[in-house]
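Student:
Protein chains: 2
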Amino acid sequence: MSPLPDTAPETARPCLPKALAESPVFLLGRLGFELKRRAYEELEAAGASLWDYGVLAVLAEGTCGAQSSIADRLRLDRSQLVGLLDGLEERGLVERRRDPEDRRRHAVSLTPKGAEELTRLRAIVEALEDEVLAPLDSEERAELGRLLRCVASRANGRSAPRDEPVAVR
Amino acid sequence: MSPLPDTAPETARPCLPKALAESPVFLLGRLGFELKRRAYEELEAAGASLWDYGVLAVLAEGTCGAQSSIADRLRLDRSQLVGLLDGLEERGLVERRRDPEDRRRHAVSLTPKGAEELTRLRAIVEALEDEVLAPLDSEERAELGRLLRCVASRANGRSAPRDEPVAVR
DNA sequence: TATTGTTATACTCTATAACTATA
DNA sequence: TATAGTTATAGAGTATAACAATA
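Chains A and B supply the protein sequences, listed in that same order.
One gets this note's numbering by counting positions in the first sequence from 1 and adding 1062 to each.
One gets this note's numbering by counting positions in the second sequence from 1 and adding 1062 to each.
#1: Counting only runs that start and end within the region 1131-1166 of chain B, where is the alpha helix (DSSP H) found for 4 or more residues in a row?
#2: What residues of chain B sit near Val1177/A, judged by a beta carbon separation below 9 Å?
#3: Can you list, in chain order, the residues of its chain with a C-beta nearer than 8 Å to that of Leu1210/A? Leave out the 5 residues immediately preceding and following it.
#4: Taking only the alpha-carbon atoms, compute the straight-line gap between Arg1165/A and Glu1157/A and give it to the nearest angstrom.
#5: Does the CB of Pro1174/B have a neighbour CB from chain A at under 8 Å?
#6: Strictly below 8 Å CB to CB, what residues from chain A border Glu1205/B?
#7: Can you have a look at Val1187/B and say buried or exposed, based on whether 16 or more other CB atoms are within 10 angstroms of its CB?
#8: At least one CB of chain A closer than 8 Å to the CB of Glu1123/B: is that the case?
#9: Less than 8 Å between CB atoms is the rule here; does Val1213/B satisfy it with respect to chain A?
#10: Going by DSSP, what residues sit across from Val1087/B in a beta bridge?
#11: Between Tyr1102/A and Leu1183/A, how many whole angstroms is the CB-CB distance? I'm expecting something under 8 Å.
#12: Where do the ends of the alpha helix (DSSP H) carrying Ala1119/B lie?
#13: Using DSSP's beta-bridge definition, name the partner residues of Ala1169/B.
#14: When DSSP labels each residue in this structure, what does Cys1212/A get in the three-state scheme?
#15: What residues in the region 1089-1109 of chain B bring their beta carbon closer than 9 Å to a beta carbon of chain A?
#16: Less than 8 Å between the C-beta atoms of Gln1129/A and Arg1137/A, yes or no?
#17: Give the single residue among Leu1082/B, Ala1081/B, Arg1100/B and Glu1084/B whose Cα lies nearest to the Cα of Leu1090/A.
#18: So, is Arg1167/B buried or exposed, given that buried needs 16 or more other C-beta atoms within 10 angstroms?
#19: How many Å lie between Glu1193/B and Ala1214/A at the Cα?
#20: Does the distance from the C-beta atom of Ala1169/A to that of Cys1212/A stay below 8 Å?
In structure tokens, the structure reads:
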């Protein structure tokens, strides 16, 4: 009605347009993005990166016979992994050793110190998880998890059949 | 057991470590990120960007009395908005006109062509939505939407009280 | 010649800081 | 002086390409 008053009414509180705020996909995208940003931020404050966390988590499931297998699992480019492993190795969290049978390869494994670090980082991520999921009771959390896994499993199987980077961060 | 065979068994199919793949927050982050990437990609193929979509969606709810109000709603920096509006204006989708009462301000509004474009882009996003949510029946979709809104509303109210960028993309 | 790990380079997106014109 | 819009610059993150060693 009034021609553009000082503080326009439609922008009194900065909020997203309904069309977006109600779209599940938009919400998913925004939440996910924000979440990653926060995880990144908090891990960084703890002296690590989200990628570090991913790498350590992969190695916790067993030594990797080649660096590229880590990269593949995280859908990370090999060249990016190099720097990450350099940092982790310097900090004594992982160990690279040449494969005597194929001297091009490096077997990568977690050191005891690396396992400790993973525990520490996991605690940080879990705290974030608790905080973000706080508005949901345990039943709702389980349901959300189920729905997400359902969506994710298809997205994995179909939308990234080859080399589409999915990016842990 | 066997010392690092050619294709290490634990990496037969490149998949995420369980610790990550089962974490709802990690799933949320990954899905959201991937989703945004795809939306960005598909809109770009249609000659627009995710930001364009956001800006048009904001304007569809009414003329904005100042560019900064658009930026605030999308949690986008003012300086970034300039280029976006330039592009949209060149394409005749939005209109900038000086506010006669405060000549520093530009009122921004959607043109009829812009409204059409929004419809077109919305269709693209909705198609993506359908595709991604395909594994869920309509009841599950509604439930997912409910849970996400629940989590998001708190995240908005709490985690970004001031100037934390939440980024449409 | 193909592959593993590595290094170097370029590009995209975003964050920050200046600048102008109005108030 | 403060604010709206704009422009310019720098940084992070990532993608791509070239490279050396080994197969």
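No residue lacks a Cβ here, since even glycine has one placed at the ideal position from N, Cα and C.
Computed from a prediction, not measured in an experiment: that's the story for all the values here.
Tutor: With the given structure in hand:
#1: The region 1131-1166 of chain B contains these whole alpha helix (DSSP H) runs: 1140-1152.
#2: It should be noted that the sequence gives Ala, not Val, for residue 1177/A. Correct list: empty, because the minimum Cβ distance to chain B is about 12 Å.
#3: Once the five neighbours on either side are set aside, Leu1210/A has no close Cβ partner at all.
#4: A straight line joining the alpha-carbon of Arg1165/A with that of Glu1157/A spans about 16 Å.
#5: False, the Cβ-Cβ gap to chain A never drops below 8 Å.
#6: Residues of chain A passing the Cβ test: Glu1205 and Leu1209.
#7: Buried, by the Cβ-count rule.
#8: With respect to chain A, the C-beta atom of Glu1123/B has a partner C-beta closer than 8 Å.
#9: Val1213/B counts as touching chain A.
#10: Beta-bridge pairing by DSSP links Val1087/B to no other residue.
#11: So it is not a contact: roughly 12 Å between Cβ atoms.
#12: For Ala1119/B, the uninterrupted alpha helix (DSSP H) run begins and ends at Leu1112 to Ala1122, by DSSP.
#13: Beta-bridge partners of Ala1169/B (DSSP): Arg1159/B.
#14: Cys1212/A: helix per DSSP, three-state reduction.
#15: With the criterion set as a beta carbon lying under 9 Å from some beta carbon of chain A, the members of the region 1089-1109 of chain B are Leu1089, Leu1090, Gly1091, Arg1092, Leu1093, Gly1094, Phe1095, Glu1096, Leu1097, Lys1098, Arg1099, Arg1100 and Ala1101, in sequence order.
#16: Taking 8 Å as the Cβ cut-off, Gln1129/A and Arg1137/A do not qualify as a contacting pair.
#17: Nearest C-alpha to Leu1090/A: Arg1100/B.
#18: Result: buried.
#19: Taking the straight line joining both Cα atoms gives about 12 Å.
#20: Going by beta carbons, Ala1169/A and Cys1212/A fall outside the 8 Å limit.
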